[in-house]
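Heads up: the sequence shown runs through residues -21 to -1, 1 to 449, numbered per mature numbering (1 follows the signal peptide of the UniProt record, and there is no 0).
Notes to accompany the following structure.
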Amino acid sequence: MKQAMFLLIVLPFYLWSCSKAAPDQPPDNSGYDPALPVTHTIVQVQALPAGQQISEDIVISGIVIMDDHSGNYNRKLVIQDSSGGIEVLVDQGELFRDYPIGRRLYIRCRGLFTAAPGQNPQLGYTPDETGILSGIPVVLADQYLVKGNFAGTVAPDTLSIDRLVMPDRARRYLNTLVVLKDIQFSDSELVRSYAQPVMLASATNRMLEDCNNGSISLRSSGYARFQALPVPPGRGMLTAVYTRYNGLAQLYIRDTGDVHFYGPRCGIPPAAELTPIAQVRALAPAVTDSIDLLPVYKIAGVVISDRLGGNVAASGLNLQDGGQGIYLRFNGNPFYYLGDSLVVNITGGKLSRFNGQLQVSNIPLTAVNLVTAGRTAPVRTASIAMIRQHYAEWESTLVKVPGAKVTAGGNYSGYKTLSDSTGTLTLFTLAGALFAPAFVPAQPAAFTGILGSSAQGPLLQLRNSNDVVP
């Protein structure tokens, strides 16, 4: 009974004490902004006399674009407004916990000092006898630094190495976020990490270059978490904070997420994209024009011409992808067979018309990759009238004409006239084709072949003797 009475008395006090703990936790003010009146821009503060204590009630505001989370900066951060950026020295570790990238920061500048070691603007606390600023003491941080809300990321300026490599011509970008495109690490840097170990150097410069022989330094701390990571071998886009050390322009990344080097290096052509034949045909020039250098394309399809049958030029073949096809002419004789599935890189080839038929020429034999053999392509069954109507769409594909007849008789060699109840079509066979000496059937038959062209219009080319079925 005494135990029960004790619990009834003590339990309410215990529950009350537990419920009181939650309100004692610091509130989340990430969405709150004090909206302090801003009196100056960052560039105006940069213009104040260096080494002199600021005596005016100056307030600046900017977005944090660099913190110390990755270890590439230590006891300092960088803020940027619409006019420029400045380093802010704070004698505190793990600044990112209070002032992470993306947070708006207000700074009450009265009592602080400006400096420009290496001509790079800084804001900090009392200088030593050499003029080097100290960090704002952690016990005074709240007096000078006022947290704002999370304003989001700063849109960086996209610039070239040439624009940034001379710091005197790029002062406006100091301590701001910049983007450089189509750059890479120099060849000599490719076997190295971002920075040397800290026992060898506190920080290391690695050279970046563009495809026009321009170069600029990327500086990384030996204390950075990514210090030991190898630099990427590709080319691409870099986001960084732009700084200087006297006459040397230097870039600092926040972490390796700022480095997007996934493309091929300068001088190496980009990988060809697999492109439908229909898209290549859509580039078709006028009758007498040509496209001398095709974009970065590769096409895939099934060989529908028969080199063993001999009714195709030794240096060419017909490739069909679904319902579209094209004639390919090589810088040599391709040894691929009817039914072979190929991927062909046509980058740099010439797209033109020969006797009205669209073709891609100037293709090296090394541009072909054999995927497999024994494949078939779809065959359209149509009357001659329908073939003529859809010739532009069906060119270089397989068509079948049922109930057709060669009107003049004789053998297959040369130009013949194929007719059905709807019209006529030229039938063409090279004199060197294996079946050229054979006689055409006297009775109507089904003729299957590749739809090509001549100066007189569309024509049909058989592949071998099996293409004629009585």
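Glycine residues also receive a C-beta, built at the ideal position from the N, C-alpha and C atoms.
From a predicted model like this one, the values you see are computed outputs, not experimental measurements.
Name the two residues that bound the continuous beta strand (DSSP E) containing leucine 102.
101 to 106 is the span of the beta strand (DSSP E), which, as asked, contains leucine 102.
Mapping DSSP to helix, strand and coil, what is proline 146?
In the structure shown, proline 146 sits in a helix (DSSP, three-state: H, G or I).
Measure the alpha-carbon distance for asparagine 390 versus alanine 415 and round it to whole angstroms.
When rounded, the distance between both Cα atoms is 6 Å.
Nearest-angstrom Cα distance between threonine 235 and valine 67?
Computed Cα separation, rounded: 23 Å.
Please name the residue or residues paired with lysine 55 in a DSSP beta bridge.
Answer by DSSP bridge pairing, in chain order: Leu68.
Can you grab the Cα-Cα spacing for the pair isoleucine 195 / proline 211, in whole Å?
Computed Cα separation, rounded: 16 Å.
Would cysteine 190 and arginine 151 be called neighbours here (beta carbons separated by less than 9 Å)?
Result no, Cβ atoms of cysteine 190 and arginine 151 do not sit closer than 9 Å.
Can you give me the C-alpha to C-alpha distance between serine 375 and serine 320, rounded to a whole angstrom?
Answer to the nearest angstrom: the Cα atoms are 16 Å apart.
Look at the alpha carbon of methionine 145 and the alpha carbon of isoleucine 33, and state the distance between them as a whole number of angstroms.
Approximately 30 Å between the Cα atoms of the pair.
Within the same chain, show all residues whose beta-carbon is closer than 8 Å to that of threonine 355, passing over the 5 residues directly before and after it, in chain order.
Val281, Gly318, listed in sequence order.
What's the call for tyrosine 231, buried or exposed, on a 16-neighbour Cβ count within 10 Å?
Counting Cβ neighbours within 10 Å, tyrosine 231 comes out buried, since at least 16 surround it.
Distance check for arginine 260 and glutamine 206, CA to CA, integer angstroms please.
The alpha-carbon atoms of glutamine 206 and arginine 260 are separated by roughly 50 Å.
Report the rounded CA-to-CA distance for proline 6 versus lysine 126, giving the unit in angstroms.
In this prediction, proline 6 has a pLDDT of 42, which is less than 50 and means its spatial position is unreliable; nothing more can be read from the coordinates.
Run through DSSP, which three-state label would alanine 29 get?
Correct three-state label for alanine 29: coil.
Which whole runs of the beta strand (DSSP E) in the region 364 to 390 are 3 residues long or more, in chain order?
As far as the region 364 to 390 is concerned, its whole beta strand (DSSP E) runs of at least 3 residues are 377 to 385.
Can you tell which of His48, Arg83, Val38 has the C-alpha that lies nearest to the C-alpha of tyrosine 11?
The option with the nearest alpha carbon to tyrosine 11 is Arg83.
Can you give the beta carbon distance from glycine 81 to isoleucine 21, rounded, assuming they're within the 8 Å contact cut?
Contact doesn't hold; Cβ gap of about 17 Å is too wide.
Exposed or buried, what is phenylalanine 418 when buried is set at 16 or more other beta-carbons lying within 10 Å of its beta-carbon?
Exposed, by the Cβ-count rule.
What residues in its chain sit with their C-beta under 8 Å from that of leucine 91, if we drop five residues either side in the sequence?
Correct list, in chain order: Gln32, Ile33, Leu102, Gly103, Tyr104, Ile115, Tyr123.
I'd like to confirm the pairing. Which residues does DSSP put opposite histidine 239 in its beta bridges?
For histidine 239, which the question treats as bridged, DSSP gives the partners Met216.
Name the DSSP bridge partner or partners of alanine 346?
Answer is none; alanine 346 lacks a bridge partner.
Do leucine 197 and residue 466 count as a contact pair if the criterion is CB distance below 9 Å?
Residue 466 cannot be examined here, being either before or after the span of the chain that is shown, -21 to 449.
Using the Cα positions of tyrosine 370 and valine 380, report the straight-line distance between them to the nearest angstrom.
In a straight line, the C-alpha of tyrosine 370 is about 14 Å away from that of valine 380.
Closer than 6 Å by C-beta to glycine 411: which residues in its own chain qualify, once you throw out the five before and the five after it? Chain order, please.
Once the five neighbours on either side are set aside, the close Cβ partners of glycine 411 are Gly289.
Nearest CA to the CA of asparagine 99: which residue from Pro209, Gln175, Arg308, Asp147?
Among Pro209, Gln175, Arg308, Asp147, the Cα nearest to that of asparagine 99 belongs to Asp147.
Quick check: the Cα distance between valine 448 and glycine 302, rounded to an integer number of angstroms?
Looking at the two C-alpha atoms, the distance is approximately 23 Å.
Do you know whose CA, among Ser113, Pro255, Ala149, Thr326, lies nearest proline 343's CA?
Comparing Cα-Cα distances from proline 343 to each of Ser113, Pro255, Ala149, Thr326, the minimum goes to Thr326.
Could you give the DSSP three-state label for serine 269: helix, strand or coil?
Three-state DSSP puts serine 269 in coil, outside helix and strand.
Ends of the beta strand (DSSP E) at tyrosine 123?
Here tyrosine 123 belongs to no beta strand (DSSP E); instead the alpha helix (DSSP H) covers 120 to 123.
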